[in-house]
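Worksheet: one structure, shown below.
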Amino acid sequence: GAGVSQTPSNKVTEKGKYVELRCDPISGHTALYWYRQSLGQGPEFLIYFQGTGAADDSGLPNDRFFAVRPEGSVSTLKIQRTERGDSAVYLCASSLGAWGRDTGELFFGEGSRLTVL
Amino acid sequence: SQQGEEDPQALSIQEGENATMNCSYKTSINNLQWYRQNSGRGLVHLILIRSNEREKHSGRLRVTLDTSKKSSSLLITASRAADTASYFCATYNTDKLIFGTGTRLQVFP
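Protein chains in written order, with the working numbering: chain A, 1272 to 1388; chain B, 153 to 261.
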């Protein structure tokens, strides 16, 4: 597609449920990032993929959060046993490559708004 | 964690006025980027300034960088109502882009 696509755009779930959020990056972009944004705050880094591997997952808040990118394209962010504090907008972004290989500009999707009741 | 801090947190101006937003960061950088976010939307890249540059222009945008003070400013000239959005600065920490807290700009017609 022309841009980064994220689905679903909105997800409402109950506390304790499992959630998957999907990101389809721009074709040819090897780097993929997940961020979380709470109301009135800047995006908070979660995890970064270079190709299929997670190059940096230092931003994942705990082991309930996990992300995969099995074929180096689409990525799925998985949240187990959701808590009310997980409610936020989850943003995905892609870029041509890691820093040093391109301009470093990220292209963002519109986000997935997660609400945990 | 947030790498940068924007100032002011919120700014309200009239159409035609200039808007200035400031960003301070903590570590040494190779470049600094500014992004814009309309309410409920994703972020859009505006401009990138490298550490060896002091000033850069793009249309009505002017960005300055002072690496000795670890600060940058974004100036939007002749603002329009459509400029209403949140503006974020961002810098790289190893391979991850870290964003500041943002300035919410409101431009009144």
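C-beta atoms are modelled at their ideal positions from N, C-alpha and C, and glycine is treated no differently. From a predicted model like this one, the values you see are computed outputs, not experimental measurements.
Asked, Found
"Going by DSSP in three states, D1295 of chain A sits in which element: helix, strand or coil?", "strand"
"Quick check: the Cα distance between D1373 of chain A and A1302 of chain A, rounded to an integer number of angstroms?", "With a pLDDT of 44 at D1373 of chain A, under the threshold of 50, the predicted position of this residue should be treated as unreliable, and no value is reported."
"Check whether the Cβ atoms of L217 of chain B and M173 of chain B lie closer than 8 Å to each other.", "no"
"Is the CB of A1325 of chain A under 8 Å away from at least one CB in chain B?", "no"
"Beta-carbon within less than 6 Å of R214 of chain B's beta-carbon, same chain only, minus the 5 sequence neighbours each way: which residues are those?", "L227"
"Below 7 Å CB to CB, which residues in the same chain sit around E1354 of chain A once its five sequence neighbours on both sides are set aside?", "K1286, V1387"
"Y1319 of chain A touches chain B at which residues, Cβ-Cβ below 8 Å?", "D247, K248"
"For N183 of chain B, which residues does DSSP report across the bridge?", "B:R202"
"Verify the CB distance criterion: does L1303 of chain A have a CB-CB separation below 8 Å to chain B?", "no"
"What residue range is occupied by the uninterrupted beta strand (DSSP E) comprising A1302 of chain A?", "1302-1308"
"Give me, in chain order, the residues of the same chain whose beta-carbon lies closer than 8 Å to that of Q161 of chain B; leave out the 5 immediate sequence neighbours on both sides.", "T253, G254, T255, R256"
"For R212 of chain B, which residues from the same chain have a beta carbon less than 7 Å from its beta carbon, with the 5 sequence-adjacent residues on both sides left out?", "I228, T229, A230"
"Tell me the rounded alpha-carbon separation between S153 of chain B and Y1319 of chain A.", "Confidence is the limiting factor: at S153 of chain B the pLDDT is only 45, short of 50, which leaves the residue's position unreliable, though a coordinate-based value still follows. One C-alpha to the other measures close to 15 Å."
"Going by other Cβ atoms of all chains shown within 10 Å of its Cβ, with 16 needed for buried, is N183 of chain B buried or exposed?", "buried"
"Could you check what DSSP says for G1356 of chain A in three-state terms: helix, strand or coil?", "helix"
"May I ask which residues mark the beginning and end of the beta strand (DSSP E) holding N1281 of chain A?", "1281-1284"
"Closer than 8 Å, CB to CB, is D1373 of chain A near chain B or not?", "Reliability fails at D1373 of chain A, whose pLDDT of 44 lies under 50, so the model's placement of it is uncertain and no value is given."
"With a Cβ-Cβ cutoff of 8 Å, do S1346 of chain A and L1385 of chain A count as a contact?", "no"
"With distance defined between alpha-carbon atoms, name the residue in B:Y239, B:E158, B:S210 nearest to S176 of chain B.", "B:E158"
"Let me see if you follow: with CB-CB separation under 8 Å, is G1382 of chain A close to chain B or not?", "yes"
"Does R188 of chain B come within less than 8 Å of chain A when only Cβ atoms are used?", "no"
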